[in-house]
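Residue numbers (numbering that gives the first Met the number 0), protein chains in the order written: chain A, 0 to 261; chain B, 0 to 331.
Just so it is clear, CB atoms sit at the ideal spot from N, CA and C, and this is done for glycine as well.
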Amino acid sequence: MTPPIVSVRDLKVHFPIRSGLLGRVTDHVRAVDGVSFDLMPGKTVAIVGESGSGKSTTGYAVMGMQEPTAGQILIDGRDRTQMSANERMATMRRLQIVFQDPASALNPRMSAAESISEPLQIHRIGTARDRRERAMELLDLVGLPHSAAGKLPREFSGGQKQRIVIARALALEPQAVICDEAVSALDVSIQSQILNLLLDLQSRLGLAYIFISHDLSVVRHIADHILVMQAGKVVEQAATDEIFNAPKDTYTRQLLEAVPKL
Amino acid sequence: MIVEGRGTADPVLSCTDLRIEIGGNPVVDGTTLAIAAGETLALVGESGCGKSMTALGLIRLLPDAARQSGGQITLEGARIDKLSERQMNRLRGDRLAMIFQEPVASLDPLMPVGRQIAEALGRASETSSTDVDARVQDMLVRVGIDRPEVRARQYPFQLSGGMCQRVMIAMAMIRRPMLLIADEPTTALDVTIQKQILDLMSDLRRETGSAVLLITHDMGVVSESADRVAVMYAGRIVEAGAVTQVFAEPRHPYTAMLLRTIPRLDGPRKVALPAISGAVPDIRDWPQGCRFHPRCPLATDRCRIEAPPLAQVEPGHDTACWHHDRIATELT
Ligand SMILES: Nc1ncnc2c1ncn2[C@@H]1O[C@H](COP(=O)(O)OP(=O)(O)OP(=O)(O)O)[C@@H](O)[C@H]1O
Ligand SMILES: Nc1ncnc2c1ncn2[C@@H]1O[C@H](COP(=O)(O)OP(=O)(O)OP(=O)(O)O)[C@@H](O)[C@H]1O
Ligand code: SF4
Ligand SMILES: [Mg+2]
Ligand SMILES: [Mg+2]
């Protein structure tokens with residue numbers, strides 16, 4: 000059996016609450032409080048739940064952008080804390096993240112092609128010409144014309160910017176992409192284009208996704224497995240059909256009932 | 000061709016033929032709408048079509064690059080597009096409130112959020128500081144934030160994205176405005192909190208008879224919380240009417256296609272969704288004739304030359320399409 004790309008074991012991330020003049024730590028926000036799940040190659044795990052329940056913090060910890068307070072994160076079966084600097088650099092290439100707001104993810108002074116090939120440059124991959132060619136391939140992959148290459152972010156709509164961000168995330172050929180509310184800010188017609196793109200890339204490249212979203216109809220459409228979080232804890236996790244057809248937890252049921260109906 | 004409110008005799012807010020330009024290009028191109036007391040009008044449409052510019056134009060908070068180049072704006076019967084900046088500021092303070100699209104960017108990163116909400120209350124309230132604290136904390140609870148005494152003292156970076164958005168909502172609602180403009184207010188929120196916020200907005204409407212202009216791309220939110228909906232495309236309103244009518248029988252191809260692209264809870268999974276091909280044209284080269292024609296499966300030669308006006312198709316339901324009678328048979 001293939002091992003999971005990402006394995007999260009009893010992850011905890013606590014933030015101190017300081018108060019008084021001296022700023023003493025009086026309490027903690029248990030942002031993530033015992034989360035475990037596996038992400039298999041080519042699959043999508045979705046994290047849904049209340050605002051402030053620890054979804055983004057979980058994503059940041061998986062990316063190595065947030066130090067865990069406790070618990071383990073295994074990348075291809077290897078504990079991140081046990082890795083050498085080189086190995087850590089290599090895992091950085093294997094995992095990428097796409098945030099909600101494409102505008103702030105792009106440097107306003109860099110052209111689309113420059114933004115897309117920047118990760119290659121940082122990792123010193125290929126010649127300038129190779130990188131330029133790769134940028135063009137990536138533009139094709141996300142459905143943007145080659146004429147987009149020289150344009151600046153302000154010349155694109157929100158949906159086009161998000162395509163550039165996705166192209167950039169794919170530059171290093173990652174195995175997994177964390178999408179943190181990556182389609183939430185896009186309007187529905189563009190949202191459906193981006194979801195179709197993500198599904199298409201998954202079937203062509205075998206990508207795995209951790210898909211953080213509050214939109215349950217989107218999650219149902221794209222995810223294989225769902226984690227429902229509340230106050231830092233996973234209250235229920237199961238295959239997508241099971242969550243939607245036979246939710247066990249009361250909060251999961253509340254979530255499903257609150258979905259606005261068309 | 001007027002998007003009329005239920006109580007059109009006396010709308011809280013109306014605008015006629017509103018035009019807004021950026022660098023000589025019309026980003027809002029002749030918008031007419033009215034919102035009655037106690038009513039919610041939803042404004043929907045693709046990214047970049049001019050929804051936020053319409054909203055900002057209505058309360059005269061346009062960015063420097065943009066200017067109103069035509070039309071009239073009336074609030075509670077009085078023209079406001081000619082008021083001085085000072086008069087306008089007073090008005091914004093006690094009659095109008097806006098929830099902005101980018102909550103994090105709209106909050107002061109260096110000020111605890113509780114103080115920001117208290118400042119929104121303004122000097123209008125002659126109450127003691129303990130009263131203000133109590134009201135702020137009460138408001139935080141009403142927008143679904145637990146431990147308000149702790150949260151009030153935190154800075155925006157210490158809150159999650161959705162919490163920042165709710166702080167913005169608390170700032171807008173605490174003054175009980177006559178007109179609330181909410182630009183994507185629930186975009187970053189999970190459905191249970193979203194429901195709580197939408198319920199809070201309808202409480203406000205009931206209690207104070209406020210009018211609400213709700214900008215959203217979530218059709219579920221529109222169907223559950225708006226009375227009427229106006230659909231915008233490339234700077235123009237292309238369809239408007241009661242939500243039930245428009246959703247049951249859209250009379251503009253863009254609306255009909257938009258409604259089809261949404262993943263449904265009873266639809267198939269992991270398959271391509273129907274999408275509207277192409278993208279919204281750039282404001283610098285909006286197509287001639289009907290602006291939707293390059294993406295419209297029903298387009299004919301007439302559409303490529305002549306722009307259809309917004310006209311009534313049934314009482315209270317307007318559309319700007321030459322071929323609205325073909326939609327039911329050819330686009331479903
Ligand atoms: N740097 C920080 N300092 C203190 N508290 C933090 C920090 N970052 C996050 N938190 C807290 O951790 C909790 C979880 O936040 P997180 O951003 O993971 O939530 P989320 O589930 O992504 O919510 P949303 O859906 O609103 O984005 C929240 O209570 C938040 O206030
Ligand atoms: N400060 C600005 N300078 C120049 N152009 C701008 C500026 N702000 C907006 N625009 C342009 O004006 C048009 C309308 O923008 P607006 O923000 O109203 O769109 P929107 O309908 O609110 O879109 P979204 O759903 O993405 O928020 C867009 O084409 C946008 O690129
Ligand atoms: S007027 Fe013509 S192009 Fe425009 S929406 Fe109607 S059918 Fe399509
Ligand atoms: Mg988050
Ligand atoms: Mg906007």
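Exercise. What are the residues of the region 184–196 of chain A that lie near chain B, defined by any Cβ-Cβ distance shorter than 7 Å?
Worked result: A184, L185, D186, V187, S188, I189, S191, Q192, L194, N195
Problem set entry | Exposure of B/L197, with buried meaning 16 or more beta-carbon neighbours within 10 Å | Residue 197 of chain B sits at position 198 when you count from the first residue of the second sequence. B/L197 is buried by the Cβ-count criterion.
Problem set entry | beta-carbon A/D100 near ligand 4 non-hydrogen atom, thresh 7 Å | As a first step, residue 100 of chain A is located in the first sequence; it is residue number 101 there, counting from the start. No, ligand 4 has no heavy atom inside 7 Å of this Cβ.
Exercise. Using a threshold of 7 Å, is the CB atom of B/D189 nearer than that to any non-hydrogen atom of ligand 1?
Worked result: Counting from 1 along the second sequence, the entry for residue 189 of chain B is found at position 190. At least one heavy atom of ligand 1 is nearer than 7 Å to the Cβ of B/D189, so yes.
For this session: Compute the Euclidean distance between the alpha carbons of A/E136 and A/V227, then round it to the nearest angstrom.
Result: Counting from 1 along the first sequence, the entry for residue 136 of chain A is found at position 137. Counting from 1 along the first sequence, the entry for residue 227 of chain A is found at position 228. The straight-line gap from Cα to Cα measures roughly 37 Å.
Exercise. Which ranges does the beta strand (DSSP E) cover as unbroken runs of at least 3 residues, wholly within the region 113–199 of chain A, from first to last along the chain?
Worked result: 175–179
Exercise. When DSSP labels each residue in this structure, what does B/E206 get in the three-state scheme?
Worked result: In the second sequence, residue 206 of chain B corresponds to position 207, counting from 1. Of the three classes helix, strand and coil, the one that applies to B/E206 here is helix, per DSSP.
For this session: State the DSSP-derived secondary structure class of A/F14, mapped to helix, strand or coil.
Result: Position 15 of the first sequence, counted from the first residue, corresponds to residue 14 of chain A. DSSP places A/F14 in strand when its eight states are reduced to three.
Problem set entry | Sheet register partners of B/M231 (DSSP bridge) | Taking the first residue of the second sequence as position 1, residue 231 of chain B is located at position 232. Note: B/M231 sits in a beta bridge opposite B/G44, B/I236.
Problem set entry | Around ligand 1, Cβ to any heavy atom closer than 5 Å, ordered along the chain | A/F14, A/V28, A/A30, A/S50, A/G51, A/S52, A/G53, A/K54, A/S55, A/T56, B/Q157, B/L158, B/S159, B/G160, B/G161
For this session: Quickly, what does DSSP pair B/V211 with across the bridge? List them, please.
Result: Numbered from 1 along the second sequence, position 212 holds the residue referred to as residue 211 of chain B. Note: B/V211 sits in a beta bridge opposite B/T39, B/L179.
For this session: Specify, as a first and last residue, the run of the beta strand (DSSP E) that A/M109 falls within.
Result: Counting from one through the first sequence, the residue named residue 109 of chain A turns up at place 110. Counting along the chain, A/M109 falls outside any beta strand (DSSP E), and DSSP gives it neither H nor E.
Exercise. Smallest Cα separation from B/G23: which of B/A319, B/A310, B/R283, B/E305?
Worked result: Locating residue 23 of chain B in the second sequence gives position 24, counting from the first residue. Ranking B/A319, B/A310, B/R283, B/E305 by Cα distance to B/G23 puts B/R283 first.
For this session: Check distances from the C-beta atoms of the region 15–26 of chain A to those of chain B and list, in chain order, the residues that come in under 8 Å.
Result: I16, S18, D26
Exercise. What whole-angstrom Cβ distance do B/P147 and B/R94 have, given they're in contact under 8 Å?
Worked result: On the second sequence, position 148 is the one that residue 147 of chain B refers to. On the second sequence, position 95 is the one that residue 94 of chain B refers to. Going by Cβ atoms, the distance from B/P147 to B/R94 rounds to 27 Å, so no, they are not a contact pair.
Exercise. Of all the CB atoms in chain B, is at least one closer than 8 Å to the CB of A/H213?
Worked result: Within the first sequence, the letter at position 214 stands for residue 213 of chain A. For A/H213, the answer is yes, since a Cβ of chain B falls inside 8 Å of its Cβ.
Exercise. Per DSSP, B/G69 forms a beta bridge with which residues?
Worked result: The residue given as residue 69 of chain B occupies position 70 in the second sequence. Bridge partners of B/G69: B/R18.
For this session: Note down, in chain order, all residues in the region 118–139 of chain A with a beta-carbon under 8 Å from any beta-carbon belonging to chain B.
Result: none
For this session: State the DSSP-derived secondary structure class of B/K194, mapped to helix, strand or coil.
Result: On the second sequence, position 195 is the one that residue 194 of chain B refers to. The answer is helix: DSSP assigns B/K194 an H, G or I state.
Problem set entry | Contacting residues, own chain, Cβ-Cβ under 7 Å from B/G49 (five flanking each side not counted) | If you number the second sequence from 1, residue 49 of chain B lands on position 50. Within the same chain, B/G49 has close Cβ partners V26, V27, M231, G234.
Problem set entry | chain B contact for A/G157 (CB, 8 Å cutoff) | Taking the first sequence and counting its residues from 1, one reaches residue 157 of chain A at position 158. Closer than 8 Å to some Cβ of chain B, the Cβ of A/G157 qualifies, so yes.
For this session: Look at the alpha carbon of B/I214 and the alpha carbon of B/G69, and state the distance between them as a whole number of angstroms.
Result: Taking the second sequence and counting its residues from 1, the one referred to as residue 214 of chain B is at position 215. Taking the second sequence and counting its residues from 1, the one referred to as residue 69 of chain B is at position 70. Approximately 22 Å, taken between the alpha carbons.
For this session: Using DSSP bridges, identify the partner residues of B/A97.
Result: Here residue 97 of chain B is taken as the residue at index 98 of the second sequence, counted from 1. Sequence check: residue 97 of chain B is Met here, not Ala. DSSP lists B/I180 as partners of B/M97.
Exercise. Going by the CB atoms, is the gap between B/P286 and A/V217 shorter than 8 Å?
Worked result: Mapped onto the first sequence, residue 217 of chain A falls at position 218. Mapped onto the second sequence, residue 286 of chain B falls at position 287. In this structure, B/P286 does not lie closer than 8 Å to A/V217 by Cβ.
Exercise. Can at least three beta-carbon pairs, one atom from the region 159–178 of chain B and one from the region 49–57 of chain A, be found at a separation below 8 Å?
Worked result: yes
Problem set entry | Reduced DSSP category for B/R250 - H, G, I as helix; E, B as strand; rest coil | Position 251 of the second sequence holds residue 250 of chain B. It is coil, neither helix nor strand.
Problem set entry | Status (buried if at least 16 other CB within 10 Å, exposed otherwise) for A/H145 | Stepping through the first sequence from its first residue, residue 145 of chain A is reached at position 146. So A/H145 ends up on the exposed side.
For this session: Under the assumption that B/I98 contacts B/D182 (Cβ atoms under 8 Å), give the Cβ distance between them as a whole number of angstroms.
Result: Against the second sequence, residue 98 of chain B aligns to sequence position 99. Against the second sequence, residue 182 of chain B aligns to sequence position 183. That pair is a contact at about 6 Å.
Exercise. Tell me the DSSP bridge mates of B/T318?
Worked result: Position 319 of the second sequence, counted from the first residue, corresponds to residue 318 of chain B. DSSP output for B/T318 lists B/E238, B/A310 as bridge partner(s).
Exercise. Are the region 117–124 of chain A and the region 139–157 of chain A touching by the rule of at least three beta carbon pairs closer than 8 Å?
Worked result: no
Problem set entry | Nonlocal neighbours in the same chain, by C-beta distance under 7 Å from B/P155, ignoring five residues either side | Within the second sequence, the letter at position 156 stands for residue 155 of chain B. Excluding positions up to five away in sequence, the list reads V103, L106, P108, V112, C163.
Exercise. Is the shortest distance between the beta-carbon of A/E235 and the beta-carbons of chain B less than 8 Å?
Worked result: Reading the first sequence from its first residue, position 236 is the one you call residue 235 of chain A. Output row for A/E235: interface = no.
For this session: With a threshold of 16 other CB atoms inside 10 Å of the CB of A/L204, please say whether the residue is buried or exposed.
Result: Residue mapping note: residue 204 of chain A aligns to position 205 of the first sequence, counting from 1. The residue in question, A/L204, is exposed, as its Cβ has fewer than 16 Cβ neighbours within 10 Å.
Problem set entry | Nearest to A/G63 (by Cα), restricted to the options A/A102, A/S188, A/L10 | Numbered from its first residue, the first sequence carries residue 63 of chain A at position 64. Measuring from the Cα of A/G63, the nearest candidate turns out to be A/L10.
Problem set entry | A/M228 - containing alpha helix (DSSP H), residue span | For the purposes of this step, residue 228 of chain A is identified with residue 229 of the first sequence, where counting begins at 1. That residue, A/M228, is in no alpha helix (DSSP H); its beta strand (DSSP E) goes 224–229.
Exercise. By how many angstroms is the C-alpha of B/L297 removed from the C-alpha of A/G53?
Worked result: By one-based count along the first sequence, residue 53 of chain A stands at place 54. By one-based count along the second sequence, residue 297 of chain B stands at place 298. Cα-Cα distance, rounded: 47 Å.
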